[in-house]
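In full-length UniProt numbering, the protein residues as written are 1 to 768.
We treat Cβ as the ideally placed atom computed from N, Cα and C, and that holds for glycine.
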């Protein structure tokens, strides 16, 4: 019962709460409805106004559609008709305007042609030329109209061409009357005799004996300028002026211009002076050229012209533009180049040339022949230091090349006391130059002190006596004089001349071995002379730069002026050439000895004769070499070379004999006789000096230069010795024989020379 009561009570509470919530919601809905009604009452008038506007817009749209339909149906048709009529009228107007303008141009063309003919008949060339240009302008205007072509235009063009050529013909005749050339025949026209016949006649006023007046030169020139023909006329005139007047005056010192003025003509002709110099000075050439331009300026070139597109200009300016470049090149290469000094001491005198060049250009500018900024000649003249260096270098290189390609066999003997043409250089410590610290002083007796006891001979650093080519001596002298010239020049010139001297020696290194290759390979004497030449040059290169160090500019005095780097190359060049010749001679010696049949079976007469012949041929070859190298090579080089060749022969003979397996007593005797020939006659090939008595010293010193000499003599002893003597010579490996031959070689010789006996076996046992 209590449970039911609780349930009923709970449900009652729920109904009350639900009813309260529902009442709350109804009250809120009432408020919303009230608000909606209020908004609706406010919106209703606005909606009514909008509906009215929509109705009005629809009405207006219908009216617009009606109006558009009316325009498309009625007004558009009328408008199209009006536009078509307007377009047609416009095109008609354009055609009429075009026809009218064409007719006007045709009228202008006809009028200008008539006026041109009238002016031409009256010889008013300027007016005629101007009318002709107007006619050309009218015709050009007619031809430029597109879509409007007339057959008459071709006829008008032909007429204009005819009139133009007629005008040019008349002007050409007047030009020929004004300027008359009398030239030599074309054949030989450049000879002096033909050039003297050249004349230029300028008719500046009418001749008195003619009725027809010659028009003034200004009128003819202006008319040519208007027609555009003046350039070609001036070009032809300038060419003739250069060829027959200006260039001959530059190239031929004996020619002199002779102006002559007559009442109706001015004449310019030439006169040849006798006893003229080979080259004219620039001052003389400038005066001659200036005289020609002065008379031309007075009678022809001082004419102002109205040049189309350029304004007012004188004839002198036009002619200058055409010929100045060629004329200035001719003046530079045929006049100024020749005037450049070949010695730096004459550079001061060249200032006169610079001043004369400046005055010459100034005069041409005053005559308006040159523009103010044109200074080609003056720039060249002022750059004399560079041109002097270039010319000096060119002359030096050409002289050096001629010396290098001259004959080598023309020689001169060089000795320590021989006098040369080298320049005398001042003491490096003299003057304002810095002195070398601790410099050695010369002792009165001529020897240099290097300590308290030692003395060096004054010949210590001298080149040994030998023969060199005259051309090489002259080449070295040329280098010394060029460097001496460099020390007196400007810095730039000094450096250039120094480089030129280096180029001389580098050129020698490349040219001489190539140019004389065949002779150096075939002729031993020339190879020896070339060896001496290279050593002579290397000897001077050692100190060449140092000698001029304190006389050169600061650019070179810092030690850069040296030739020491070239010394090894020149020494190597001389040695390689001479060693190549030595190899050739050694090859010939070995080839001759190869015909000796290995020196075997000398008991055979034929074999002995062959060996004897080979020995004599070798000695003959050595004697011949000794003669061609005599007094040419330095003594020490001569002795070493001859010693090397003789040593080659002796070594080959020793090798061949030592290789024999059987030598009979008769063979040994004959081999000994052959060896004796070599020992007796071999030293006689040592003749380094012309004086026979002085050569004995070197003949006695043969063992010093011939390595196998003692070996060869020991071989001769073996060929004539008995077993005991050979054993004694060996001396248990301590004797002279042991110093030249090995034990195996001695045993081989013993076996070849002696029969197999107990004594031989005992001797062989002792050789060890």
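Inter-residue Cα distance where the pair is residue i and residue j
i, j, result
"residue 312", "residue 306", "5 Å"
"residue 362", "residue 164", "40 Å"
"residue 761", "residue 614", "35 Å"
"residue 770", "residue 390", "The question about residue 770 has no answer, for the chain in this structure spans 1 to 768."
"residue 327", "residue 246", "8 Å"
"residue 722", "residue 587", "36 Å"
"residue 185", "residue 167", "31 Å"
"residue 194", "residue 239", "17 Å"
"residue 357", "residue 338", "14 Å"
"residue 392", "residue 570", "25 Å"
"residue 409", "residue 582", "19 Å"
"residue 579", "residue 531", "9 Å"
"residue 397", "residue 589", "42 Å"
"residue 92", "residue 134", "29 Å"
"residue 161", "residue 112", "14 Å"
"residue 633", "residue 253", "53 Å"
"residue 769", "residue 492", "Given a span of 1 to 768 for the chain in the structure shown, any question on residue 769 remains unanswerable."
"residue 643", "residue 549", "42 Å"
"residue 602", "residue 699", "30 Å"
"residue 725", "residue 741", "15 Å"
"residue 626", "residue 336", "56 Å"
"residue 751", "residue 664", "11 Å"
"residue 517", "residue 484", "33 Å"
"residue 765", "residue 718", "17 Å"
"residue 656", "residue 611", "11 Å"
"residue 506", "residue 478", "14 Å"
"residue 88", "residue 106", "27 Å"
"residue 512", "residue 333", "32 Å"
"residue 413", "residue 679", "32 Å"
"residue 739", "residue 616", "29 Å"
For residue i, three-class secondary structure by DSSP
i, result
"residue 314", "strand"
"residue 271", "strand"
"residue 371", "coil"
"residue 177", "helix"
"residue 661", "coil"
"residue 306", "strand"
"residue 266", "strand"
"residue 252", "coil"
"residue 201", "strand"
"residue 703", "helix"
"residue 51", "helix"
"residue 512", "helix"
"residue 632", "coil"
"residue 39", "helix"
"residue 283", "helix"
"residue 488", "coil"
"residue 441", "Because residue 441 carries a pLDDT of 34, less than 50, the predicted location of this residue cannot be relied on, and the following value inherits that uncertainty. Coil at residue 441, not helix or strand."
"residue 682", "coil"
"residue 136", "helix"
"residue 494", "helix"
Sheet register partners of residue i (DSSP bridge)
i, result
"residue 323", "Residue 323 is not bridged to any residue."
"residue 467", "413"
"residue 257", "270"
"residue 616", "Answer is none; residue 616 lacks a bridge partner."
"residue 182", "199"
Minimum C-alpha distance to residue i - residue among the options
i, options, result
"residue 127", "115, 709 and 138", "115"
"residue 474", "417, 538 and 400", "400"
"residue 660", "710, 627 and 748", "748"
"residue 691", "716, 631 and 682", "631"
"residue 645", "28, 293 and 706", "706"
"residue 395", "291, 503, 286 and 412", "503"
"residue 673", "701, 712 and 42", "712"
"residue 649", "637, 291 and 620", "620"
"residue 593", "360, 618 and 537", "618"
"residue 528", "154, 539, 641 and 566", "641"
"residue 577", "599, 535, 597 and 607", "535"
"residue 125", "227, 183 and 203", "227"
"residue 812", "56, 79, 584 and 407", "The chain is shown only over 1 to 768; residue 812 falls outside these bounds and no answer can be derived."
"residue 220", "248, 120, 323 and 402", "120"
Beta carbon proximity, residue i to chain D, threshold 8 Å
i, result
"residue 252", "Of the chains in the structure shown, none is chain D; there is only one protein chain."
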